[in-house]
Structure formats: C-alpha cells, structure tokens
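J.:
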Amino acid sequence: MGDAVEIEIDDKVVRVSNPDRVYFPDHGWTKLDLVEYYLAVGDGIVNALYERPCMLHRFPKGLAGDKVHTRALVRRREWMKLKTTVAASASLVHAVAATAAGA
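Residues in the sequence shown are numbered from 27 upward in steps of one, following the numbering used here.
1) In chain order, what residues of the same chain lie with their CB nearer than 7 Å to the CB of Thr83, ignoring the 5 residues before and after it?
2) So, is Thr111 buried or exposed, given that buried needs 16 or more other C-beta atoms within 10 angstroms?
3) Decide if Ala123 is buried, meaning its Cβ has at least 16 other Cβ atoms within 10 Å, or exposed.
4) State whether the stretch 102-111 contacts the stretch 56-69, with contact taken as three or more CB pairs (one from each stretch) at a distance under 8 Å.
5) Would Ala121 be called buried (16 or more neighbouring beta carbons within 10 Å of its own) or exposed?
6) Please report how far the alpha carbon of Glu32 lies from the alpha carbon of Asp46, in whole angstroms.
7) So what's Glu77 in DSSP terms, helix, strand or just coil?
8) Could you say which of Glu77, Met81, Ala90 lies nearest to Tyr49 if we only look at CA atoms?
9) For Val39 versus Ala30, is the C-beta spacing smaller than 8 Å?
10) So, are the CB atoms of Leu75 and Arg97 less than 8 Å apart?
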C-alpha cells in the first residue's frame, strides 16, 4: 500500500492511510478516489446530515470482505463534533456531521 497522505479540509489536516488500497475492484477506484469523491459532494452530504449522529461502515479487507459497523466512536480527532445517544441502556458517542472535516 502507498504511504499515507494528508489532505487539508477547511482548516483541518486529515491523514488518509493506505490511499492506494483498491475499494472498488470492478472500477479500480481507490480509497483516495473515495475521499476525493466525498470532498466533491461534501457540502450536500453535510446539509443532509447536519447535526445527526453518524455511523461508520468499514471494509477492512475491501468490499469483498466483511463489513464492520462502528456506531460508538472510540478514536477521534479533538476537533470532531460529538453527540451522545442512548440505545439499549448504553450511552454511545457518535461523530456528528457538521462540516466536511467532521468539525
């Protein structure tokens, strides 16, 4: 995999690890291609999800592998906006859509 890259979003620097990892093998699109797509449509996504708790779907082994749902945020940047919700008698901390960088 390629070396990590840093992308400036708003006034934040976001590190993208393994930017050359192929996420969509049928098209050859990489993780960095997906990041660039999200940046291109980010304003629309943020407008639709503004202030809503978000869940992360991860595919550690690519789309052909298992999907991992991450609702409770464990690792985060100090500038990310958070919201605590209660589900099944447990409190979960979610990232909240506020800007393209997540702040």
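We put the beta carbon where it would ideally sit given N, CA and C, even for glycine.
T.: Straight from the coordinates:
1) The residue you call residue 83 lines up with position 57 of the sequence shown. Correcting the residue identity first, residue 83 is His in this sequence and not Thr. These residues qualify, in order along the chain: Lys93, His95.
2) In the sequence shown, counting from the first residue as 1, residue 111 sits at position 85. So Thr111 ends up on the exposed side.
3) Within the sequence shown, the letter at position 97 stands for residue 123. Classification of Ala123: buried, given that the 10 Å Cβ count is 16 or more.
4) No, the stretch 102-111 is not in contact with the stretch 56-69.
5) The count along the sequence shown starts at 1 and reaches residue 121 at position 95. Around the beta carbon of Ala121, 16 or more other beta carbons lie within 10 angstroms, which makes this residue buried.
6) Against the sequence shown, residue 32 aligns to sequence position 6. Against the sequence shown, residue 46 aligns to sequence position 20. Distance between the alpha carbons of Glu32 and Asp46 is about 13 Å.
7) Here the question's residue 77 lines up with position 51 in the sequence shown. If DSSP states are grouped into helix, strand and coil, Glu77 belongs with coil.
8) Within the sequence shown, numbered from 1, the residue matching residue 49 stands at position 23. The residue with the shortest Cα to Cα distance from Tyr49 is Ala90.
9) For this step, residue 39 is matched to residue 13 along the sequence shown. For this step, residue 30 is matched to residue 4 along the sequence shown. Against a cut-off of 8 Å, the Cβ pair of Ala30 and Val39 comes out as no contact.
10) Residue 75 sits at position 49 when you count from the first residue of the sequence shown. Residue 97 sits at position 71 when you count from the first residue of the sequence shown. No. Outside cutoff.
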